[in-house]
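Here the structure comes first, spelled out in structure tokens, and everything after it is commentary.
There are 2 protein chains.
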Amino acid sequence: MLVTGASGFIGRHLLPACVSAGHEVHAVSSRGRPSRDRGARRQDAHGEVRWHRGDLLEPAAAAALVAGIRPELLVHLAWSVEHERFWSSPENVRWVESSLALVRAFAAAGGRRAVIAGTCAEYDWERIGRVRADHQPPRCHELRTPTDPRTLYGACKRALNAVAERFAATAGIEVCHGRVFFLYGPGEQPGRLVAQVASALLAGERVATGDGRQVRDFLYVQDVADAFRALAESDVLGAVNIGSGEPVTVGGIVEAIAEQVGRPELVEWGARPRPEGDPDALLADVRRLRREVGFGARVTLADGLAATVQWCAEQKHVRLARTSRR
Amino acid sequence: MLVTGASGFIGRHLLPACVSAGHEVHAVSSRGRPSRDRGARRQDAHGEVRWHRGDLLEPAAAAALVAGIRPELLVHLAWSVEHERFWSSPENVRWVESSLALVRAFAAAGGRRAVIAGTCAEYDWERIGRVRADHQPPRCHELRTPTDPRTLYGACKRALNAVAERFAATAGIEVCHGRVFFLYGPGEQPGRLVAQVASALLAGERVATGDGRQVRDFLYVQDVADAFRALAESDVLGAVNIGSGEPVTVGGIVEAIAEQVGRPELVEWGARPRPEGDPDALLADVRRLRREVGFGARVTLADGLAATVQWCAEQKHVRLARTSRR
């Protein structure tokens, strides 16, 4: 099995799971083996992750890598996801190019099945984002919800996956792609919601939020990684949503973090306007993931948030009081 | 202005039109300047087409080419279109990669506007191809008809154009793409409908056809080329259908060719089954092309077919009797 983006947020959680499951895991990252990562130390203890340093954006890098490894399975997570900037960065276009080259090389080297990271941004947010009259948030369905991405990032992921799936049929390989909704967990980038709010509150800073009413689908990063492993081990084709299926408001998440840190008074509700184009609801229909792939999330939002806030506190050398406020 | 695929079917007809319109035309082709092409000789007479030999599928070829020319306009026609094989060839995927690299390079070199060749195969043929109860064939509309291509070729063209259009908005360039329906004319590949039927009939061979009832939208190649020039000179963004808007059945075209050759008795109607997935109707809504781009076809189907059959006869050194049979 070859995992790209192996030192990234999902990759770091995927590698140990795949090693434990008995896969011969090759990992590629432009940064090479992460040296100070706890997850990496665990893999080193197993001694079973074979690291390759390589920049897939370089022409011919993918072909050389894949020809040397000849993997049966490919889990392609690599992409540029620099916070905020990634929505419209031209890097997205380069990732389409190099990802397609990777999938072609994988097929040419005898690969059997490729799992590619997709995104809920592949859906047409303008046509799914409104909360319905019965107050039930709409759910994104892999086949029924229109895909007409409103961002360059979404368009690039959609294009990659659409081409890869059609290519698979002619090249004799299997391709599926996991449409990741919102993820969080220990190790997340500083600009992401949970890390950002927790870090500010832990530092005693005020947090300005919007109305917080957007409904989202959050899944703990280890569950996201395990879902990718399940996809790799399944024979499901096409798009599969990777989410919890549980609606939660952004405000609810902020509130839970503030309670855990013990500083709810620092949250300034409604101090920031809702970003333009931000949909009311982004919620996954997870029936394909559950029934066809056979995967169910294991970490509850409460437990996941607690672990993530704890991790943020450790990063800042802050000791959390175990508050029981609610 | 840089034209890719310049020695191809559309490109050969586009170059003289652009030179006549006063553009400084750079042409790139993997084959270099066509030596035996009549069109090419005409351009040589003008001395105004600057030919570049280059294989855009080679990494970095696009960047080097564009950096040298720094064109303001790009008309990107290059693609692998080997008859029949092109529907599912892995070359399609390579063309997505290299076309995106070209568009990125064009923007980086200060380009202003790119026009990219698209295809009616970008539309979802399963959802538009049925003739309606009122016997009016459905028309493909750029914004309203779903795009969910059923072929690798269609998926690749769709992916390229979707990404290029989103990229344009962030990169500060204009992108539009012409969705070409069916084209025909002097110089067409031997496997295409008009050339194939005319050549067989001119050789006195029987022609086995299907029921011939499929409705199609045929446009003469010079009109297609002129439409691309009009797109390049306009400021229209996004997808624009390039077609005649005139429904014609495949049977009607075969009949017209047979009449002109004077051998209608050689056509065996219904001898071949309809290819699987072949839609009943593929007809362009051409209101965007007419009203927004201001382009209207100039060559009627009768005149265009006559010119094409005449060209086929010249290729075979057959003198056509000017039949008036009908």
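Note that the protein sequences, when read in sequence, are chains A and B. Residues 1 to 326 in the numbering used here are what the first sequence spells out, letter by letter. Residues 1 to 326 in the numbering used here are what the second sequence spells out, letter by letter. Using N, Cα and C, we set each Cβ at its ideal position, and we do this for glycine too. Given the structure is predicted, the values throughout are model-derived calculations rather than measurements.
Does DSSP classify residue i as helix, strand or coil?
| i | result |
| --- | --- |
| A:Pro16 | helix |
| B:Pro264 | helix |
| A:Gly327 | Chain A is shown from 1 up to 326; residue 327 of chain A falls before or after that span and cannot be answered. |
| B:Tyr123 | coil |
| B:Thr249 | strand |
| B:Ser199 | helix |
| A:Glu174 | strand |
| B:Phe181 | coil |
| B:Ile128 | helix |
| A:Ala78 | coil |
| B:Asp217 | strand |
| A:Thr4 | strand |
| B:Ser29 | strand |
| A:Trp51 | strand |
| B:Ala313 | helix |
| A:Gly154 | helix |
| A:Gly304 | helix |
| A:Arg139 | coil |
| B:Arg70 | coil |
| B:Val163 | helix |
| A:Ala169 | helix |
| B:Arg113 | strand |
| A:Ala60 | coil |
| B:Gly118 | strand |
| B:Val299 | coil |
| B:Ala225 | helix |
| A:Arg319 | coil |
Do residue j and residue i come within 8 Å of each other at the CB atom, strictly closer than that value?
| i | j | result |
| --- | --- | --- |
| B:Gln189 | B:Ala198 | no |
| A:Ala297 | A:Leu183 | no |
| B:Trp87 | B:Thr151 | yes |
| B:Glu97 | A:Leu100 | yes |
| B:Arg288 | B:Asn241 | yes |
| A:Gly187 | A:Arg12 | yes |
| A:Leu2 | A:His26 | yes |
| A:Ile10 | A:Val286 | no |
| A:Glu122 | A:Pro149 | yes |
| B:Ala239 | B:Glu142 | yes |
| A:Val345 | B:Ala155 | As displayed, chain A neither begins before 1 nor continues past 326, which places residue 345 of chain A out of reach and without an answer. |
| A:Gln260 | A:Ala307 | no |
| B:Leu57 | B:Arg85 | no |
| A:Arg144 | A:Leu283 | no |
Between residue i and the rest of its own chain, which residues show a CB-CB distance below 8 Å, the 5 nearest in sequence each way excluded?
| i | result |
| --- | --- |
| A:His317 | none |
| B:Val248 | Val215, Arg216, Asp217, Phe218, Leu301 |
| B:Ala112 | In the sequence as displayed, the identity of residue 112 of chain B is Arg instead of Ala. Closer than 8 Å at the Cβ level, and outside the excluded window around B:Arg112, lie Glu72, Leu73, Ile173, Glu174. |
| A:Ala159 | Val96 |
| B:Ser324 | With a pLDDT of 45 at B:Ser324, under the threshold of 50, the modelled position of that residue is not reliable, and no figure is offered here. |
Give me, in chain order, the residues of the same chain whose beta-carbon lies closer than 6 Å to that of residue i; leave out the 5 immediate sequence neighbours on both sides.
| i | result |
| --- | --- |
| A:Gly270 | Asp211 |
| B:Gly54 | Val28, Ala61, Leu65 |
| A:Ala208 | Glu268, Ala271, Arg272 |
| B:Arg50 | His26 |
| B:Gly5 | Gly11, Leu77, Ala78 |
| B:Ala63 | Ala105 |
I want to see whether chain C comes within less than 8 Å of residue i, judged by CB atoms only; does it?
| i | result |
| --- | --- |
| B:Ala155 | The structure shown contains no chain C; the protein chains it does contain are A and B. |
Kindly list the residues whose CB is nearer than 7 Å to the CB of residue i, restricted to its own chain and excluding five residues on each side of it in sequence; keep chain order.
| i | result |
| --- | --- |
| B:Arg206 | Leu266, Glu268 |
| B:Thr147 | Glu122, Tyr123, Asp124, Arg158 |
| A:Asp223 | Ala297, Arg298, Val299 |
| B:Glu48 | Val19, Val25 |
Does the segment 171-182 of chain B come within contact of the segment 211-228 of chain B, defined as at least 3 CB pairs closer than 8 Å? yes
Please confirm if the segment 100-111 of chain B is in contact with the segment 70-80 of chain B, defined as three or more CB-CB distances below 8 Å between the two stretches. Taking one beta carbon from each stretch, the segment 100-111 of chain B and the segment 70-80 of chain B have 3 or more pairs nearer than 8 Å; the two touch.
If you measure beta-carbon to beta-carbon, which residues of the segment 82-97 of chain A are closer than 7 Å to chain B? For the segment 82-97 of chain A, the set of residues with a beta-carbon nearer than 7 Å to any beta-carbon of chain B comprises Ser88, Pro90, Val93, Val96, Glu97, in chain order.
With 8 Å as the C-beta to C-beta threshold (strictly closer), list the residues of the segment 48-81 of chain B near chain A in chain order. Pro59, Ala60
Residues of the segment 162-192 of chain B with a CB closer than 7 Å to any CB of chain A: list them in chain order, please. Ala162, Val163, Arg166, Phe167, Thr170, Ala171
Residues within the segment 101-130 of chain B neighbouring chain A, beta-carbon criterion of under 7 Å: Ala101, Arg104
Near-chain B residues of the segment 206-232 of chain A - C-beta to any C-beta below 9 Å: none
Could you name the residues of the segment 262-288 of chain A whose beta carbon sits closer than 8 Å to any beta carbon of chain B, in the order they occur along the chain? none
Residues in the segment 298-324 of chain B with C-beta within 7 Å of chain A's C-beta atoms, listed in sequence order? none
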